[in-house]
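Chemist: Please see the structure below; I have some questions.
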DNA sequence: AATCAAAATGTATGCGCTTACATGTAAGAA
DNA sequence: TTCTTACATGTAAGCGCATACATTTTGATT
């Protein structure tokens, strides 16, 4: 069906040179006289030749392509990250192939295989480097395997190993500070809502627990303040409404979707926001400002992290094997809105 | 960097057969004795051989890959469409390559080239088949060019031509009915908010205009009810607030983001929703329920359309050249929530 | 004009795979 | 046992390109 028809031999014949010369022209080699270059380019311009990437790849074993793996693209955070990454990669002449893995190990593994089989030059994993069930045992095994083939970059996840590089945001600190500021404003019962056991979710939980302990709560009490919910506005609301002895005046959520569920809960309870209850979301996504009241949220600088990640990829791919630090951290920023005092 | 090392010759040698036999085993040819098949599979299982897709593609000129082009993946509608498409394509053994084109013609054209150069078996365009400025002159030229190479499928867009297939939703009708129902409830001043000149946006505008005319409004008046805004919650709100002589008791928006901007406007004005003003969004996305009050929205059945599109692609790719209708329509559904009576 | 270095161009090989065609082999028929 | 046939396997060509190496051309120098 896809018939390119015109190949390098055609161009060579039509412009009266050898295929080597055509190849040189295509690749901008400097060992071509201006005259023949022009001659060849004219022919190409006329008949519209595009090199066959398969043939190129076969010889060079590279396709100038980066694979991006996300658990699901139908998520604000993921899709915006992909958009940033793609924009940045294009600038450097790289295309990207997307893999939508789902949250389960098997999907991730299969999609990683798929991407590798397409001879990507590097692999980017966005978020969720853990299996959905929280197990970590061999969850990272497939990542290490991938890293034997191409450099692997992880955005907001963490796996140590040869040829693996991570860019993370300081989630632990951000949640700790958010919780601490609530405490400072006199909140007594703060809970943390999350739907995930991902690396990043765990960091947030740690930040929450640390803040709770810092005001004298027992470890168990701090842990009990963590409530697992589904990543769905109405389900969060309903789950909280169903918890009869839930008494809280502060909520921190691991993403904005959940935070909005919390807002709906508070509204359903007839509480005043932020007087009766403060709520802080995460990711500072469009969702945060779509709600009324608009939700205070922690911005994790996705764009910055993505840009930085691409820069580092290029350092490895283009440039020499200059040593890169295997992990960099970016601080988060609290964006105050109407759900906090 | 990416060293597969083990190739078909290795496997052939290790299992004491010819490369042709290995190839037959890999491709499930029936002309292989059970014994040798097993022998080869054992070796493959042991050393982990994966065929080089370049080499395969060179010979076969297909990569079992479909290209998906979106103006931007950082958009609820687009990203969910991509997720549906990808899920469906995988089931049929096809991978997908994503192209993020931007809304301008040049980007679309370049990205289309990129995707085609990757030897996709088919191209899917999601939404926005028009140039951002509303011009249509040669906007569709690149699509027709692409269609000469592979079958092109358009989701929620419209281009006629050989080898081009479109799946659209009945936007015109949906908006007409939404507006009509508002009118029936006694609304006098209904406006339509949009940020786009896309095919689908134009259909919605037509539906609005038709509804207005049906209650005796002049053509000009109907046209004046269409207000162009930016696709950003706060900017929509501010733009509406800035229109001093805007008096309306009904708003229909071409997507949920804009609808929420309208909600914010109404709230800022101190209006009661839906008593003083009714608001209807479009796409029935997560945004619609993230707002308070939750926004009535028109569901355009993205999942259904995507599934259907993939089915049709497969009919063409796998099956024979059975004739497909070049355009199918799916009706929309109004999901009533708190912003309408 | 003769010489030589540098620049331009051409030739030929290999990348890993699929597949048409050639060859070999085992089972059934005579 | 010998021939036939169907089935199993092997051989080799070609997909389109980049590139090392070989060859030719150019132009500067003597």
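Chains as they are written, first to last, in the working numbering: chain B, 1 to 341; chain D, 1001 to 1341.
Ideal Cβ positions, reconstructed from N, Cα and C, are used throughout, including at glycine.
Looking at the structure shown, is residue 111(B) part of a helix, part of a strand, or coil, going by DSSP?
Modeler: Here the question's residue 111(B) lines up with position 111 in the first chain. Helix.
Chemist: Would you call the region 223 to 230 of chain B and the region 41 to 51 of chain B in contact, with 3 or more CB pairs under 8 Å?
Modeler: These segments do not touch.
Chemist: Can you give me the C-alpha to C-alpha distance between residue 291(B) and residue 1121(D), rounded to a whole angstrom?
Modeler: Taking the first chain and counting its residues from 1, the one referred to as residue 291(B) is at position 291. Taking the second chain and counting its residues from 1, the one referred to as residue 1121(D) is at position 121. Whole-angstrom Cα-Cα distance: 42 Å.
Chemist: Do residue 1309(D) and residue 1155(D) have their beta-carbon atoms positioned less than 7 Å apart in this structure?
Modeler: Along the second chain, one-based indexing puts residue 1155(D) at 155. Along the second chain, one-based indexing puts residue 1309(D) at 309. In this structure, residue 1309(D) lies closer than 7 Å to residue 1155(D) by Cβ.
Chemist: If you follow the beta strand (DSSP E) that residue 278(B) is in, where does it begin and where does it stop?
Modeler: To locate residue 278(B), count along the first chain from 1; it is residue 278. Unbroken beta strand (DSSP E) run through residue 278(B): 278 to 282.
Chemist: Counting only Cβ pairs nearer than 9 Å, list the residues of chain B close to residue 1100(D).
Modeler: As a first step, residue 1100(D) is located in the second chain; it is residue number 100 there, counting from the start. Within 9 Å Cβ-Cβ: 82, 83, 86, 87, 90, 96.
Chemist: Secondary structure at residue 247(B), three-state DSSP: helix, strand or coil?
Modeler: What you label residue 247(B) is simply residue 247 of the first chain in a count that begins at 1. Residue state, collapsed to three classes: coil.
Chemist: Looking at the C-beta of residue 131(B), does it have a partner C-beta in chain D at a distance below 7 Å?
Modeler: Within the first chain, residue 131(B) is the residue found at index 131, counting from 1. Caution is warranted here: a pLDDT of 45 is assigned to residue 131(B), below 50, making its placement in the model unreliable, and the coordinate value is therefore given only provisionally. So no, residue 131(B) is outside the interface.
Chemist: Ordered along the chain, which non-local residues of its own chain (more than five positions away) have a Cβ less than 6 Å from that of residue 1333(D)?
Modeler: The residue labelled residue 1333(D) in the question sits at position 333 within the second chain. So the list reads 1299, once near-sequence residues are dropped.
Chemist: Measuring straight from C-alpha to C-alpha, what distance separates residue 183(B) and residue 1273(D)?
Modeler: Position 183 of the first chain, counting from 1, holds the residue named residue 183(B). Position 273 of the second chain, counting from 1, holds the residue named residue 1273(D). If I take the Cα positions, the gap works out to 35 Å.
Chemist: I'd like to know whether the C-beta of residue 394(B) is nearer than 7 Å to at least one C-beta of chain D.
Modeler: For residue 394(B) there is no data in the structure shown, the boundaries of chain B being 1 and 341.
Chemist: For chain D, check one thing: does any of its Cβ atoms lie closer than 7 Å to the Cβ of residue 20(B)?
Modeler: Within the first chain, numbered from 1, the residue matching residue 20(B) stands at position 20. Not closer than 7 Å to any Cβ of chain D, the Cβ of residue 20(B) fails to qualify, so no.
Chemist: Which residues of the region 1101 to 1115 of chain D have a Cβ closer than 7 Å to any Cβ of chain B? Give them in chain order.
Modeler: Per Cβ criterion, the list reads 1114.
Chemist: Three Cβ pairs or more, each shorter than 8 Å: is that satisfied between the region 1009 to 1022 of chain D and the region 17 to 33 of chain B?
Modeler: The region 1009 to 1022 of chain D is not in contact with the region 17 to 33 of chain B.
Chemist: Between 1105(D), 1127(D), 1238(D), 1098(D), which has its C-alpha nearest residue 1114(D)'s C-alpha?
Modeler: Translated into the one-based positions of the second chain, residue 1114(D) becomes position 114. The shortest C-alpha separation from residue 1114(D) is found at 1098(D).
Chemist: Return helix, strand or coil for residue 49(B), following the three-state DSSP convention.
Modeler: By 1-based counting over the first chain, the position of residue 49(B) is 49. Residue state, collapsed to three classes: coil.
Chemist: Which residues of chain D have a Cβ atom closer than 9 Å to the Cβ of residue 292(B), listed in chain order?
Modeler: The sequence position of residue 292(B) within the first chain is 292, counting from 1. Those within 9 Å of residue 292(B) in chain D are 1260, 1263, 1264, 1267, 1291, 1292, 1293.
Chemist: Would you check whether the ligand NAD has a heavy atom nearer than 6 Å to the C-beta of residue 1055(D)?
Modeler: Looking for the ligand NAD in the displayed structure turns up nothing, as the structure carries no ligands at all.
Chemist: According to the Cβ coordinates, are residue 1195(D) and residue 1230(D) closer than 7 Å?
Modeler: Counting from one through the second chain, the residue named residue 1195(D) turns up at place 195. Counting from one through the second chain, the residue named residue 1230(D) turns up at place 230. Yes, Cβ-Cβ distance for residue 1195(D) and residue 1230(D) is below 7 Å.
Chemist: Tell me the rounded alpha-carbon separation between residue 1200(D) and residue 124(B).
Modeler: Translated into the one-based positions of the second chain, residue 1200(D) becomes position 200. Translated into the one-based positions of the first chain, residue 124(B) becomes position 124. Near 34 Å, if we compare the C-alpha coordinates of residue 124(B) and residue 1200(D).
Chemist: Put residue 135(B) into one of helix, strand or coil per three-state DSSP.
Modeler: Within the first chain, residue 135(B) is the residue found at index 135, counting from 1. Reliability fails at residue 135(B), whose pLDDT of 47 lies under 50, so the model's placement of it is uncertain and the value that follows must be treated cautiously. Residue state, collapsed to three classes: coil.
Chemist: Using the three-state DSSP reduction, which class does residue 168(B) fall into: helix, strand or coil?
Modeler: Position 168 of the first chain holds residue 168(B). The answer is strand: DSSP assigns residue 168(B) an E or B state.
Chemist: Hey, could you find the ends of the alpha helix (DSSP H) residue 261(B) is sitting in?
Modeler: Locating residue 261(B) in the first chain gives position 261, where the first residue counts as 1. Taken as a continuous stretch (DSSP letters only), the alpha helix (DSSP H) holding residue 261(B) covers 256 to 268.
Chemist: For residue 336(B), does the count of other Cβ atoms within 10 angstroms reach 16, so buried, or fall short, so exposed?
Modeler: Here the question's residue 336(B) lines up with position 336 in the first chain. That one is exposed.
Chemist: In terms of DSSP beta bridges, what is residue 298(B) paired with?
Modeler: The count along the first chain starts at 1 and reaches residue 298(B) at position 298. Answer is 282(B), 334(B), bridged to residue 298(B).
Chemist: Roughly how many angstroms lie between the CA atoms of residue 1306(D) and residue 219(B), to the nearest whole one?
Modeler: Position 306 of the second chain, counted from the first residue, corresponds to residue 1306(D). Position 219 of the first chain, counted from the first residue, corresponds to residue 219(B). So the two alpha carbons sit approximately 49 Å from each other.
Chemist: Measure from the C-beta of residue 1192(D) to each C-beta in chain B and report whether the shortest distance is under 7 Å.
Modeler: One-based indexing of the second chain puts residue 1192(D) at position 192. By this cut-off, residue 1192(D) is not an interface position.
Chemist: Excluding five sequence neighbours on each side, which residues of the same chain lie with their C-beta closer than 8 Å to the C-beta of residue 248(B)?
Modeler: Translated into positions along the first chain, residue 248(B) becomes position 248. Closer than 8 Å at Cβ, skipping near neighbours: 189, 190, 191, 277.
Chemist: What does DSSP give as the partner residue(s) for residue 1228(D) in the beta ladder?
Modeler: Working through the second chain from its first residue, we reach residue 1228(D) at position 228. Per DSSP, 1194(D).
Chemist: Mind checking whether residue 1327(D) and residue 1174(D) have CB atoms under 7 Å apart?
Modeler: Locating residue 1327(D) in the second chain gives position 327, counting from the first residue. Locating residue 1174(D) in the second chain gives position 174, counting from the first residue. No, they are not a contact pair.
Chemist: Kindly indicate which residue of 95(B), 15(B), 55(B), 283(B) has the alpha-carbon position closest to the one of residue 46(B).
Modeler: Within the first chain, numbered from 1, the residue matching residue 46(B) stands at position 46. The shortest C-alpha separation from residue 46(B) is found at 15(B).
Chemist: Which residues in chain B sit within 8 Å of residue 1309(D), going by Cβ to Cβ distance?
Modeler: As a first step, residue 1309(D) is located in the second chain; it is residue number 309 there, counting from the start. Those within 8 Å of residue 1309(D) in chain B number zero; the least Cβ separation is about 16 Å.
Chemist: Starting from the beta carbon of residue 1055(D), find every residue of chain B whose beta carbon is closer than 7 Å, and list them in chain order.
Modeler: The residue you call residue 1055(D) lines up with position 55 of the second chain. Near residue 1055(D) (Cβ distances below 7 Å), the residues of chain B are 58.
Chemist: Using a Cβ cut-off of 7 Å, pull out every chain B residue sitting near residue 1117(D), in sequence order please.
Modeler: To locate residue 1117(D), count along the second chain from 1; it is residue 117. In chain order: 50, 53.
Chemist: At 8 Å on the CB atoms, spell out the chain B contacts of residue 1072(D), in chain order.
Modeler: For the purposes of this step, residue 1072(D) is identified with residue 72 of the second chain, where counting begins at 1. By Cβ distance, chain B contributes 83.
Chemist: Closer than 8 Å, Cβ to any Cβ of chain D: which residues of the region 226 to 254 of chain B, in chain order?
Modeler: Cβ contacts with chain D come from 233, 234.
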